[in-house]
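All remarks here apply to the structure that follows.
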Amino acid sequence: MKYFLQEIAQHIVDAYGSRLKDCCVVFPNRRAGVFFKKHLAACITQPVWAPAVYTINDLVLKLSDYQRADDLELVFDLYELYRELSKSNESFDSFYSWGEIILADFNDIDKYLVDPADLFQNITDLKAIENRFSYLTAEQIDVIRRFWKNFHPEKGNHEEKFLELWQLLHPIYSRLYDRLSKKRSGYEGMIYKNVANKIRNNADLKLPFDKIIIAGFNALNECEKVLFRYFTSNQVAEFIWDYDDYYVNDQVHEAGRFLRDNIREFAPLQGDFPHKNLETEKKAIQVINVPSNASQARLLPRYLSEEDNSPDTAVVLADEGLLMPVLHSLPGEITDVNITMGYPVNETPVYSLVEHVVDLQSNKRGAGRFYHKDVLSILNHPYVMRMHAEHCRPLVSRIQVQNWIYISESHLRDNPLFSLIFHQLSDFRELPDYLLQILEHIVRSESRDENVATSLENEFIYQLYIRINRLKDILGSRDVRLTAPTMNRLIRKVMMNSRIPFAGEPLSGLQVMGILETRVLDFRKVIILSMNEDKIPGSGKNYSFIPHHLRLGFKLPTLEHQDAIYAYYFYRLIQRAEEVVLMYNSHSEGITTGEKSRFLYQLIFDPLFDVKEKVLGFNISATPEKAVEIVCDEKIAEKLKKYSASRDNGKFLSPSALNTYIDCPLKFYFRYLADLKEPDEVIDEVDPLVFGNLLHHAVNL
Numbered sequence: 002m003k004y005f006l007q008e009i010a011q012h013i014v015d016a017y018g019s020r021l022k023d024c025c026v027v028f029p030n031r032r033a034g035v036f037f038k039k040h041l042a043a044c045i046t047q048p049v050w051a052p053a054v055y056t057i058n059d060l061v062l063k064l065s066d067y068q069r070a071d072d073l074e075l076v077f078d079l080y081e082l083y084r085e086l087s088k089s090n091e092s093f094d095s096f097y098s099w100g101e102i103i104l105a106d107f108n109d110i111d112k113y114l115v116d117p118a119d120l121f122q123n124i125t126d127l128k129a130i131e132n133r134f135s136y137l138t139a140e141q142i143d144v145i146r147r148f149w150k151n152f153h154p155e156k157g158n159h160e161e162k163f164l165e166l167w168q169l170l171h172p173i174y175s176r177l178y179d180r181l182s183k184k185r186s187g188y189e190g191m192i193y194k195n196v197a198n199k200i201r202n203n204a205d206l207k208l209p210f211d212k213i214i215i216a217g218f219n220a221l222n223e224c225e226k227v228l229f230r231y232f233t234s235n236q237v238a239e240f241i242w243d244y245d246d247y248y249v250n251d252q253v254h255e256a257g258r259f260l261r262d263n264i265r266e267f268a269p270l271q272g273d274f275p276h277k278n279l280e281t282e283k284k285a286i287q288v289i290n291v292p293s294n295a296s297q298a299r300l301l302p303r304y305l306s307e308e309d310n311s312p313d314t315a316v317v318l319a320d321e322g323l324l325m326p327v328l329h330s331l332p333g334e335i336t337d338v339n340i341t342m343g344y345p346v347n348e349t350p351v352y353s354l355v356e357h358v359v360d361l362q363s364n365k366r367g368a369g370r371f372y373h374k375d376v377l378s379i380l381n382h383p384y385v386m387r388m389h390a391e392h393c394r395p396l397v398s399r400i401q402v403q404n405w406i407y408i409s410e411s412h413l414r415d416n417p418l419f420s421l422i423f424h425q426l427s428d429f430r431e432l433p434d435y436l437l438q439i440l441e442h443i444v445r446s447e448s449r450d451e452n453v454a455t456s457l458e459n460e461f462i463y464q465l466y467i468r469i470n471r472l473k474d475i476l477g478s479r480d481v482r483l484t485a486p487t488m489n490r491l492i493r494k495v496m497m498n499s500r501i502p503f504a505g506e507p508l509s510g511l512q513v514m515g516i517l518e519t520r521v522l523d524f525r526k527v528i529i530l531s532m533n534e535d536k537i538p539g540s541g542k543n544y545s546f547i548p549h550h551l552r553l554g555f556k557l558p559t560l561e562h563q564d565a566i567y568a569y570y571f572y573r574l575i576q577r578a579e580e581v582v583l584m585y586n587s588h589s590e591g592i593t594t595g596e597k598s599r600f601l602y603q604l605i606f607d608p609l610f611d612v613k614e615k616v617l618g619f620n621i622s623a624t625p626e627k628a629v630e631i632v633c634d635e636k637i638a639e640k641l642k643k644y645s646a647s648r649d650n651g652k653f654l655s656p657s658a659l660n661t662y663i664d665c666p667l668k669f670y671f672r673y674l675a676d677l678k679e680p681d682e683v684i685d686e687v688d689p690l691v692f693g694n695l696l697h698h699a700v701n702l
């Protein structure tokens, strides 16, 4: 069986031959282009200029008048506009999450060409709805009317606060749009809208291609539809849809929801592209019930062999948090792995050091006095301990033995790194520079020891460095006063979703990827982990300030829209596969329900598919306890005799020692005969032991 990208490559070579250089192929994602070029090279028999290959985002950016703005900078722009319009003293820290949601809403508004003045209108007169929204369908108008009919701000504080924010959104949108337009930059939706407006204003996009092949798309926003209609009207478009008749011909199947409309409006290529793989190609499908997330990773090697060491096998993680357990569980015969997901920055050792350093500055007291827990966390950190163990160990012991709760700067000057870390910042705007200096010092110090400084650790430091440096540049251009807690949380939020890309050869080895990266790609063998309802299609959370009914009324994406997209991702991924393994976690704990995905139920109950269900786990046998016994030899007997002698020998049975013996003779042995003690710890408050010793000492005075 040919993969979808192979079919496209062969078709383009057959249809355009030496004219390939005049063609452009557009895919939904970048990875599809990489695999397409591989298949194209296999189809070409003589030297020829390759066609241009773009993602839809890259093509739109090429046709737009704007450059892509930085998301963090956009949130700062929104914050400034919000404070200016609301006269609020809201801190940036509390606004940050709002800003991300507002920006996502503005993206949707622009991509779906919704008039923001209409959307953000506060309509109290229900009769005015029909006049205001005469361009909408009767069904859309009815949904909007129902929302405003049931909205009563006078009945509750939440509704009143919502209305206050709602009335600010249109002015914020307009001013942000004006501000960005003057700088010739914009967020993604604004860039899409700019291209759509150029087309609607009859501007010539001056396309540099004779033919544009649109391949592998599913859910189209309104801007994309305007662009594709423009290509069609100029007779340069060729559409190749990736689907199966199984879900497209079924009018109620959610996987084909968008493609049914796309095929009607944008006629697909009439060629040798079979669309009956699910119905005609036999598949080995297994649904595996496992008792935990970790078990999925540990059981994965059972379904991988040496022949899976190729790009024809994919391990797909519906929960990307399983990436590291999966990588640690891969069998030895899997020598080549391509990972499409990045490594989370917040799970790197250098990030944990940055966290400790930020906490150190946040929790300091007075003039250069640092809290012991923060100091000890830094001194015990692998990077610091590795570079300065001769200073760290004695200092840690001294802090614990002398019970220093707050440590002065003067005790933390043993080496240049300590002097760099343990000094008080006068202004938290200095924090980015402070962190950058620490990272630079670590790199310089560790680069002298090639056995210690691995390339991976240096990459972690570099990636963190450029993110902090970017934050520094943005803060330097803004007049925003940041408190210590705000700066602390801002750095954490900026790093939370940052990922470090893995370097590798994408066209070789086992493919480990998230569900989004599978678009347009096909594999002979597919293993999907975390096939739970709360992972795929998802938990049903919709972070937006635009209420569901208004989203429906203005045809903005809703949760149902998202469910249909994931349904397509799933069925498209398995439609050409020969072997499919689907694992889910059946354990219910916390917010994890243990419920299998609806897509599993659909496969199991559909007679078209032969699905084998299994329950896997581990045989756990309790290790028999071995009694701990201490043989009373001459040395122990000699120590015990001292307790039966007079006090003059310095040993006597105190009440606490006697209680310890009655409670547990073994504990008595370890504490009083073997002289084993608990490690010293810094105690913030006077505990009963310290209080008892003080009282005993006072009584004896």
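Each number in our numbering corresponds to the 1-based position in the sequence shown with 1 added. Beta carbons are placed, not taken as given, at the ideal position from N, Cα and C, and that holds for glycine. None of the values given here were measured: they were computed from a predicted structure.
Here H329 is exposed. Its C-beta has fewer than 16 other C-beta atoms within 10 Å. Under a 10 Å Cβ-count criterion, D106 is classified as buried, with 16 or more other Cβ atoms of the shown protein chains found around its own Cβ. Only residues of its own chain outside the window of five on either side were considered, and among them L380, N381, V385, M386 have a CB closer than 8 Å to the CB of C393, listed in chain order. In the structure shown, V481 adopts coil according to DSSP, grouped into three states.
R520 has its alpha-carbon roughly 27 Å from the corresponding atom of E334. Restricted to the region 8-49, the beta strand (DSSP E) segments that are unbroken, complete and at least 3 residues in length are 24-28, listed in chain order.
Every beta strand (DSSP E) stretch that sits fully inside the region 478-551 and reaches 3 residues is listed by chain position as 511-515, 526-530. Within the region 356-387, the complete alpha helix (DSSP H) segments at least 4 residues long are 373-380, listed from N- to C-terminus. Assignment of T559 by DSSP, reduced to helix, strand and coil, places it in the coil class.
Only buried fits E255, as 16 or more other CB atoms lie within 10 angstroms of its CB. The straight-line gap separating the alpha-carbon atoms of K643 and L667 is approximately 18 Å.
A straight line joining the alpha-carbon of I173 with that of L86 spans about 8 Å. By the neighbour-count criterion, in which a residue is buried when 16 or more other Cβ atoms sit within 10 angstroms of its Cβ, N310 is buried. Counting every other CB atom within 10 Å of its CB across the protein chains shown gives T349 a total of 16 or more, marking it as buried.
Under the DSSP assignment, A675 falls outside any beta strand (DSSP E); it carries neither an H nor an E label. Counting C-beta pairs closer than 8 Å gives three or more between the region 309-325 and the region 508-526, which meets the contact rule.
In the same chain as N195, and ignoring 5 residues on each side of it, the C-beta atoms closer than 8 Å to its own belong to S65, D66, Y67, G187, in chain order.
M488 counts as buried, since at least 16 other C-beta atoms from the protein chains shown sit within 10 angstroms of its C-beta.
The distance from the Cβ of E8 to that of F274 is about 6 Å, consistent with a contact at the 8 Å cut-off.
For E239, the uninterrupted beta strand (DSSP E) run begins and ends at 238-241, by DSSP. Nearest to V61 by alpha-carbon distance, out of A16, R185, G190, is G190. Beta-bridge analysis with DSSP links M584 to I289. If you draw a 10 Å sphere on the C-beta of Y544, you find fewer than 16 other C-beta atoms in it, and that means exposed. Taking the Cα of V351 as reference, the smallest distance to any Cα among Q464, R399, L206 is reached at Q464. In the DSSP secondary-structure assignment, I214 is bridged to V26, E239.
Around the beta carbon of D243, 16 or more other beta carbons sit within 10 angstroms, so the residue counts as buried. Comparing alpha carbon positions, the residue from Y17, L331, V27 closest to I45 is Y17.
The beta carbon of P433 sits closer than 6 Å to the beta carbons of I469, L472, K473 from its chain, once the five residues preceding and following it are set aside; these are given in chain order.
An exposed status is given to I467, since fewer than 16 other beta-carbon atoms sit within 10 Å of its beta-carbon. Just so you know, the alpha carbons of K494 and V355 end up roughly 13 Å apart. Taking a C-beta distance under 9 Å as the contact criterion, E282 and M2 qualify as a contact pair. Just so you know, the alpha carbons of H389 and I631 end up roughly 40 Å apart. If you look at T661, you'll find it in the alpha helix (DSSP H) that goes 656-664.
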